[in-house]
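K.L.:
Once you've had a glance at the structure underneath, I'll fire off some questions.
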Amino acid sequence: MELTKIQALTAEIEPYVPSKLSMMKALSDVGVSDTETPYNPTTDKRIVAQAAVKVLSQMVVLSSDSLGKSSQGYNVDMLRKRIKAICSENGLDLENFDEVPTITDGSNLW
Numbered sequence: 003m004e005l006t007k008i009q010a011l012t013a014e015i016e017p018y019v020p021s022k023l024s025m026m027k028a029l030s031d032v033g034v035s036d037t038e039t040p041y042n043p044t045t046d047k048r049i050v051a052q053a054a055v056k057v058l059s060q061m062v063v064l065s066s067d068s069l070g071k072s073s074q075g076y077n078v079d080m081l082r083k084r085i086k087a088i089c090s091e092n093g094l095d096l097e098n099f100d101e102v103p104t105i106t107d108g109s110n111l112w
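No gaps in the numbering here: position 27 of the sequence shown is 29 in the numbering used here, and each next residue is one more.
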């Protein structure tokens, strides 16, 4: 059985279970036009990771999610760690998930 790009994304974000629509949009946002095409780890790993970060980032604001008869709770700290791990494994920018506050010089604003 050949793995598709949407299946690769599903595997990347397990155990979290977002809607298929969220995953399809995230893949579209990173340039994947057909989510059912075969997944190639050599060329698609980083793209799927970018989509995974997009999907998981939306879940950070939730403490739980309910869809029909199914519900799941989130440990936000563990979710952030998963996002950071995906970024680190794929050379993606961690700037949005840096928990250490930074101070920037705003003197150029006045």
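The C-beta atom is built at its ideal place from N, Cα and C for all residues, glycine as well.
Just so it is clear, the structure is predicted and the values come from calculations on it, not from any experiment.
1. Excluding the 5 residues preceding and the 5 following Cys-89 in the sequence, name in chain order all residues of the same chain whose CB lies nearer than 8 Å to its CB.
2. From which residue to which residue does the alpha helix (DSSP H) around Ser-24 run?
3. Can the beta-carbon of Tyr-41 be found closer than 8 Å to that of Leu-5?
4. Specify the secondary structure class of Thr-45 as computed by DSSP and reduced to three states.
5. Please report the Cβ distance between Ala-28 and Ala-53, rounded to the nearest whole angstrom; I am assuming they are in contact, meaning their Cβ atoms lie under 8 Å.
6. Taking the continuous alpha helix (DSSP H) assigned at Thr-12, which residues delimit it?
P.N.:
On the basis of the coordinates in this document:
1. Within the same chain, Cys-89 has close Cβ partners Ala-51, Val-55, Asp-95, Leu-96 and Phe-99.
2. Per DSSP, the unbroken alpha helix (DSSP H) holding Ser-24 starts and ends at 22-31.
3. Contact flag set, yes.
4. Here DSSP, grouped into helix, strand and coil, assigns Thr-45 to helix.
5. The beta-carbon distance between Ala-28 and Ala-53, rounded to whole angstroms, is 4 Å. This is short enough to meet the 8 Å contact definition.
6. Counting along the chain, the unbroken alpha helix (DSSP H) around Thr-12 starts and ends at 7-15.
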